[in-house]
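Have a look at the structure below before the remarks.
In my numbering, the protein residues as written are 1 to 88.
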C-alpha cells in the first residue's frame, strides 16, 4: 500500500508568503520613512539627509564617501563640524 505524500491546501491558506492575503501586503504607494542612523530623533523631528565625505562607522555599520544617510539634525551638525559631510 503506497502513501500519498502530496499536500493539499485548504481554502484560505497560502502555500508561500508570496501568496499572502492582499490585506497583509504593504501598500506600494505608501511613503515610508528611511531608517535613521546614529542618535535617535527627538519627538516630532524630521531626519536630516547628509552625504558623507569620508569613511565613517555608525552603530557598527561602515559607510563610504558618497553614501547618503538619514540622521538627527543635531548629529548632522556635529558631522558637518567635524568634516564628515560633503559641502555642496
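Each residue gets a CB set at the ideal place from its N, CA and C atoms; glycine is no exception.
- Per DSSP, residue 63 is one residue of the beta strand (DSSP E) stretching across 61–63.
- Residue state for residue 76 is assigned as helix, using DSSP reduced to three classes.
- For residue 40, the number of other beta carbons within 10 angstroms of its own is below 16, and it is reported as exposed.
- Residue 47 and residue 57 have their C-alpha atoms some 18 angstroms from each other.
- In this structure, residue 71 lies near residue 79, with their beta-carbon atoms less than 8 angstroms apart.
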